Structures are given as C-alpha cells and as structure tokens.
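Participant: Here it is, the structure in full.
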Amino acid sequence: MARWLPRSADLMRFCQKLNRVKTLEDDMMETSFNRCLSTIDLTLLGIGGMVGSGLYVLTGTVAKEIAGPAVIVSFIIAGFASLLAALCYAEFGARVPKTGSAYMFTYVSVGEIWAFLIGWNVLLEYMIGGAAVARAWSGYLDSIFNHKIKNFTETHVGTWQVPFLARYPDFLAAAILLVATAFISFGAKVSSWLNHVFSAISMGVILFILIMGFVLAQPKNWSAQEGGFAPYGLSGIMAGTATCFYAFVGFDVIAASSEEARNPQRAVPRAIAFSLGLATGAYILVSVVLTLMVPWHSLDPDSALADAFYRRGYAWAGFLVAAGSICAMNTVLLSNLFSLPRIVYAMAEDGLFFQVFSRVHPRTQVPVVGIVVFGLLMALLALVFDLEALVQFLSIGTLLAYTFVAASIIVLRFQQQKVDAPAPAAGGRPSPEPHEGPSVSELKEYESFSDKLQLVDREKSKEHREPGQLKAAFEPYLEFLSDFYPGEVVTVAVVTLMVSAICLCSVLVFGNTHLHLPTWSYSLLLVLFSLGFLLSLLLIWAHEQQHGTQTFQLPLVPLSPALSIILNIYLMLKLSYMTWLRFAVWLLLGLLVYFGYGIWHSKENLREPRPQRVSARYVVFPSGSLEERVQAVQPAAGLPDTE
0 MARWLPRSAD LMRFCQKLNR VKTLEDDMME TSFNRCLSTI DLTLLGIGGM
50 VGSGLYVLTG TVAKEIAGPA VIVSFIIAGF ASLLAALCYA EFGARVPKTG
100 SAYMFTYVSV GEIWAFLIGW NVLLEYMIGG AAVARAWSGY LDSIFNHKIK
150 NFTETHVGTW QVPFLARYPD FLAAAILLVA TAFISFGAKV SSWLNHVFSA
200 ISMGVILFIL IMGFVLAQPK NWSAQEGGFA PYGLSGIMAG TATCFYAFVG
250 FDVIAASSEE ARNPQRAVPR AIAFSLGLAT GAYILVSVVL TLMVPWHSLD
300 PDSALADAFY RRGYAWAGFL VAAGSICAMN TVLLSNLFSL PRIVYAMAED
350 GLFFQVFSRV HPRTQVPVVG IVVFGLLMAL LALVFDLEAL VQFLSIGTLL
400 AYTFVAASII VLRFQQQKVD APAPAAGGRP SPEPHEGPSV SELKEYESFS
450 DKLQLVDREK SKEHREPGQL KAAFEPYLEF LSDFYPGEVV TVAVVTLMVS
500 AICLCSVLVF GNTHLHLPTW SYSLLLVLFS LGFLLSLLLI WAHEQQHGTQ
550 TFQLPLVPLS PALSIILNIY LMLKLSYMTW LRFAVWLLLG LLVYFGYGIW
600 HSKENLREPR PQRVSARYVV FPSGSLEERV QAVQPAAGLP DTE
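Residue 0 is where the sequence shown starts when you use numbering that gives the first Met the number 0, and the numbers rise one by one after that.
Here is the structure:
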C-alpha cells in the first residue's frame, strides 16, 4: 500500500513545478510586436476602456436607486480605490514591459499555476464583457429606431425559450463584433487610430453635456425639499462606491499593450495616471451635471442623460447623447478585442496555452489567430447567449486579478534581483554560479564549496543589506528571523496577510447576516483578524525592499497594495453565490487545461535542468559553523565520484 503513495521528494518537486516563476529575458524591449504606441495612444486606449456606456447609464442608476446626488462622493471614493490597483499595474507595466497584464505580473513573481488561473479568468472576463457591450450597443441603436430591428428579427427568425440563451438572436451585435475584429487584425496602429476617432467624438459629446448641463443646472435639486444631497446616508454612498468601482476596470488595457509601447518605462505609468484621472473627472462632473439638471428621484435609470435633456426641453440633445454613447461603446469593444488576444498570446508564448495562438502575423505584427478565433467566439456569445446572468462574472475575475497583482507587488519588491544562469552545455556540468534563492529543504546543498563561502560572507555582512533581509533596527528584537533566506519571511507574511484579509472581510460581510454571530464573538473575531492583518503588514515592513530602480515605483509599499487587497476581497465577497458557483466551475475547467496541457508544455518546464552527477556535495546545516562541518562531508582525495 505504501509503495503506491508518492514520496515526499516527488510531492516537493511537484509543488515546485506549480509555483515556478517566469524567467525574463535580458533584453525585455525585444519583441515580435510593433512598438508604435505613444503615451497619448495608451492614454486614449485606457479612457476608451473606462468611459463606456457606464457614463450614460451607470450614473443615473446609482443616483436614483442607491446614493442620490452623493453619487459624486461614491465616484471619488471608487476612483481612489481604483488608483491603488492602477498604480500596482503601473509599476509592473514599467518594470516588465511585456504583454499579458495581470497574468504576466503574477507569473514573474508568484507562480505558474496562479498566473494561469488569473489569465484563464481574464479570458472569460474579456469575452463576456465584449459580448455584453455589443448587445448593449445593439439595443441602444435599436431603441433609436423604435425597436424595428428587434421586431423584424422576432417576426422573421423567431424567438427562443431556452435557459441561458437570449430571447432572440442578436445579429447586429454579432456583426459589430466581426467588423471590430477585422479592424483590430490590421495592426496596433490602425486600432489606435480608430480608437482615437471614437474617443474624440465621445469626449466632444461629454464636453457638450458638461457645458449645457451647467447652463441648465438648478442648485435647488440638491435642497432638502428634493431629499437633500445624501438621501440614503453613508450606507448608500458606500453601496454606490461598490457599484461605481466597476466603472474603472478598463485601465488594464494599458498594461496589456505595454509590449507595443515605444517607451513603456515612461509611457505606461503616465498613461494609467492620465486616463484614470480623466475618467474619474468625467464621471464626477457628469454626475454633478445630471443631478443638478433634474431632481435625482425622477431620473430614468436606463437613459438618464438623454431623458434629462428631453425634460428640460432640449430633445435634439438626445441625439448627441446617443451618438456619444455609441462611440463610447465602440471604444470599449475595441479595448476588449485589443487586450484579449494579447493575453492569449502571452500564455501561448509561455507554453501554458495552445501554441497556435502564439503566432504573430509578419506584416501586421499582431497575434492574428487569437484575434480571429476569440473575435468569432465573442460574436457567438453575443448572438445567442443571455448575458445578463453572466455579467456579474466580470467583477470576480477583475477583482481576483487586482488582488494577485497587489500581492505580486509586495513579493517582487522584497525579492532579490534574479540573475539567470546560463544553460549547461549538452552532456556537461552546469557552470558554478552563486546561489540566488533559498532551497526548499532545511539542508542547503551546494556543488561548490567556494560558492557557499561567498554566500556566508554575504549573509554575515552588515554593511549592505539586500532586499528581503531584516532591517538592522529590528534585528535585536527579531533575531530569530535572521536565519531565513531573504524574501522567505515576506512571502509567508503575504500569505498570512491575505488569509487574515479573507477572514476579516468574511466576518464583516456575513457575520451579522448569514452567520448570526453574537456581538461578543463578532467583535472578538474582528479584533483577532485585524491584528493578524496588521502584524503581517508590520512584519513585511520590517524587511528591506528594493530601492533605486529607474522605473516607476508604487509609493507606500506595503501599505498601498495591502489596502488594495482587502478592498478587492471585500468587494468579491459581496457578489452573489451563483457568481461564485460559476467561478468555481470555470476554475475547474481551467485546471483541466493546465494539468492536461500547460504544465507539460511550459517553457519553464523545458528550461529546468536535468539531474547531473556531482563530484562532491557539501551539506550545510542551518546553524553552526561552516568550517566545523565541511570536513565530515568532504570526499577523501583519490576516491571515485559518488552521488
């Protein structure tokens, strides 16, 4: 019976495979893509991804049903919360200017299986998001023509009464996706130019809305007679913040496009900051105008802006609002179709997804196979599926990606700079290189005695402390942590921080409603998990981090990413149980793909060195003097090589 059980060494090797990180090339600017995008191009891509139909629909819905005129405050808080996640993306996009966004960032710092699952969720997120926007675009255009397109389709094609399928096939939504796919396949420059056109029209309409809106503004609509500025109180403002947060999820298109940026170290952080600032300003100002033009309680949630102008006697302005809404939706479609194939390309290039998607067209320099295949899949989703029930799935994928990117920032910041060892020649021994990271086992084994001496000297040196080592000021109080390798304690602390955040948010979300905890136990759990979160944060802060890099760095690490982590987890736990059930099913499908294909074809798997014979092995125990123990394990001279 025991012989069928896996050995501990095999289990350890398997876990190492799952958590191996991506090895980056020496020249990260080298790419098969065309580096043609400027800071302005990336900024407009980000604005296009964020300022979509939500500006024309979400503002009215939140104002009427959730927060009232205080939707302005909700957008301010949501914009700040999004800034925490966006700055994490900005640092990674500048340091690792490769396509792949959250997938790539997780792969280079956390591990392979986590990166694959993030990429797998982002794929579905983009497909459902693009298809949902296409159906909204179709419905909005159809409403302008009094639903003639819908009536014609239902009369001549028919309707369906099948679960998970739409009531009728939406040919218009599928058609706009196929047209957008064709334009995206022409190359990054064509996509960027098209995005410029639609973004310019959309921003022009927004400017018109703001000017006309302030002219027609009536401050009495915020007065007590109309319910006041915050009729739903603080709870309404925070509930509105959770909804408004999803209006800013499109900035990751900038990180996904970093491999096509001319100067990603400067362009990516600036584009993320500019686009997020402009998008936040647009949402806040439009909310101000909308709630000042008409009383908030009389807004039409489906078409708040157009209805507001109509009620003030400017029906013609509704056509401009409609044009701006359609152009804004076009930019979101382009953003989704632009990002999705590049993430698929990054996964295929690393060997974790099917290799056919890593092909880049030699002339247009875009992953044309991924663009065509996923454009067709997106069109099929928009054509036949009922996407209303799946739209919430977008939130959980985005928030999970934000959480892992924030955790990756902490891990990467407290890691030593990795130096790639040259591959050994065929049949030869690996060249001796200094050991850069910790071994998994307690007994550290080295093939070169001089290498170990260098490592001991480096660890004992007090003049220079490397990233991941305990700060000198804390060493007298936390001396027992000095025995760990640089970065080990930080990695454990990050895991503890995330577990504490999950437990803390679970108590906050479910403690009074689902768990019905008594007041004393509710308070006790809050205190315990809060202490766990804060102690993990302090333990991370007590270690040295990387400084002096030439690229953008997120300020206030580890506090900023820790706040982003706890906020994202809180918002994820607020989603419905059906969303979590669908998420679990999709994750299981992803694990089947990974263990059936990805883990075997991973480039990191092919790069792993094969077992080699060594002439001598030095076993160094965690404590004790190296010189006292080396004689006992050194082979006698003249004896044959042993393993």
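Heads up, the beta-carbon is just placed ideally off N, CA and C, and yes, glycines get one too. Since this is a predicted model, take the numbers as computed values, not measurements.
Quick check on L164: does DSSP put it in helix, strand or coil?
Facilitator: Reduced to three states, the DSSP call for L164 is strand.
Participant: Do you know offhand how far A55's Cα is from V20's?
Facilitator: Note on identity: in this sequence residue 55 is Tyr, with Ala being the wrong assignment. Using only the alpha carbons, I get a separation of about 42 Å.
Participant: Identify every residue that forms a DSSP beta bridge with F337.
Facilitator: Paired residue(s): none; F337 is not in a bridge.
Participant: Compute the Euclidean distance between the alpha carbons of G249 and G467, then round it to the nearest angstrom.
Facilitator: Looking at the two C-alpha atoms, the distance is approximately 33 Å.
Participant: Can you list the alpha helix (DSSP H) stretches of 4 or more residues lying completely in the segment 229–262, in chain order?
Facilitator: Segments of the alpha helix (DSSP H) lying fully in the segment 229–262: 232–243 and 251–255.
Participant: In the DSSP assignment, find the alpha helix (DSSP H) that holds L477 and state where it starts and stops.
Facilitator: Segment: none, L477 is in no alpha helix (DSSP H) and carries neither H nor E.
Participant: Could you spell out where the alpha helix (DSSP H) holding I65 opens and where it closes?
Facilitator: Where I65 is concerned, there is no enclosing alpha helix (DSSP H), given that its DSSP letter is neither H nor E.
Participant: Just to confirm before moving on: does the CB-CB distance between S535 and L477 stay below 8 Å?
Facilitator: No, Cβ-Cβ distance for S535 and L477 is not below 8 Å.
Participant: Quick check for students: name the residue ranges of the beta strand (DSSP E) that lie wholly in the segment 152–203, counting only runs of 3 or more.
Facilitator: Counting only runs of 3 or more, we get nothing.
Participant: Under the rule that 16 or more other beta-carbon atoms within 10 Å means buried, what is A8, buried or exposed?
Facilitator: So A8 ends up on the exposed side.
Participant: Could you compute how far the alpha carbon of L298 sits from the alpha carbon of A216?
Facilitator: Distance between the alpha carbons of L298 and A216: 15 Å.
Participant: Roughly how many whole angstroms lie between the Cα atoms of S481 and A561?
Facilitator: The alpha-carbon atoms of S481 and A561 are separated by roughly 24 Å.
Participant: Could you name the residues of the same chain whose beta carbon sits closer than 8 Å to that of F228, not counting the 5 residues immediately before and after it, in chain order?
Facilitator: Taken in chain order, the residues that qualify are G67, P68, A69 and W221.
Participant: Could you check whether the segment 111–123 touches the segment 80–93, counting it as contact only if at least three pairs of C-beta atoms, one from each stretch, sit closer than 8 Å?
Facilitator: No, they do not touch.
Participant: Between R12 and the rest of its own chain, which residues show a CB-CB distance below 7 Å, the 5 nearest in sequence each way excluded?
Facilitator: Once the five neighbours on either side are set aside, R12 has no close Cβ partner at all.
Participant: When the Cα atoms are used, what is the spatial distance from T154 to A77?
Facilitator: Whole-angstrom Cα-Cα distance: 44 Å.
Participant: If R134 sits next to A381, beta carbons under 8 Å apart, how far is it from one beta carbon to the other, in whole angstroms?
Facilitator: With a Cβ gap of about 5 Å, R134 and A381 count as contacting.
Participant: Under 8 Å, do V367 and H360 count as touching if we go by C-beta distance?
Facilitator: Yes, they are a contact pair.
Participant: Rank F352, L393, V556 and S499 by C-alpha distance to the C-alpha of S601 and give the top, closest one.
Facilitator: For S601, the nearest C-alpha among the options comes from F352.
Participant: Just tell me which of A541, I46 and L386 has its CA closest to the CA of K470.
Facilitator: Nearest option by C-alpha distance: A541.
Participant: Buried or exposed for N567, please, with buried defined as at least 16 other CB atoms from any protein chain shown within 10 angstroms of its CB.
Facilitator: Classification for N567: buried.
Participant: Could you check what DSSP says for K459 in three-state terms: helix, strand or coil?
Facilitator: With a pLDDT of only 47 at K459, under the threshold of 50, the placement of this residue in the model should not be trusted; the figure read from the coordinates follows. Looking at K459 - three-state DSSP - the assignment turns out to be helix.
Participant: Tell me whether H600 sits in a helix, a strand or coil according to DSSP, three-state version.
Facilitator: The answer is helix: DSSP assigns H600 an H, G or I state.
Participant: Have a look at I65 and V287 and give me their C-alpha separation to the nearest angstrom.
Facilitator: Their Cα atoms are separated by approximately 16 Å.
Participant: Shortest alpha-carbon distance to L44 belongs to which of L333, N511 and N604?
Facilitator: The option with the nearest alpha carbon to L44 is L333.
Participant: Is it buried or exposed for T158, if we count other Cβ within 10 angstroms and need 16 for buried?
Facilitator: By the neighbour-count rule (16 or more Cβ atoms within 10 Å), T158 is not buried but exposed.
Participant: Given that a residue counts as buried once 16 or more other Cβ atoms are within 10 Å of its Cβ, and exposed if not, what is F479?
Facilitator: With fewer than 16 other Cβ atoms within 10 Å, it is exposed.
Participant: So which of F104, I127 and Q15 has the shortest CA-CA distance to L375?
Facilitator: The residue with the shortest Cα to Cα distance from L375 is I127.
Participant: Taking only the alpha-carbon atoms, compute the straight-line gap between C502 and L411 and give it to the nearest angstrom.
Facilitator: So the alpha carbons of these two residues sit roughly 25 Å apart.
Participant: At which residues does the alpha helix (DSSP H) containing V410 begin and terminate?
Facilitator: F392 to R412 is the span of the alpha helix (DSSP H), which, as asked, contains V410.
Participant: If you follow the alpha helix (DSSP H) that C14 is part of, which residue opens it and which one closes it?
Facilitator: S7 to L17 is the span of the alpha helix (DSSP H), which, as asked, contains C14.
Participant: So, are the CB atoms of L86 and S559 less than 8 Å apart?
Facilitator: Contact: yes.
Participant: Could you give the distance in angstroms between the alpha-carbon of I190 and the alpha-carbon of L41?
Facilitator: It is Ser, not Ile, that sits at residue 190 in the sequence shown. Taking the straight line from one Cα to the other gives about 11 Å.
Participant: Under three-state DSSP, which class holds H513?
Facilitator: Here H513 sits in coil by DSSP.
Participant: On a Cα-Cα basis, can you pick out the residue from D385, C35, G597 and Q415 that is closest to Q364?
Facilitator: Here the closest residue by C-alpha is C35.
Participant: Would the beta-carbon of L233 be found less than 7 Å away from any heavy atom of the ligand NAD?
Facilitator: Looking for the ligand NAD in the displayed structure turns up nothing, as the structure carries no ligands at all.
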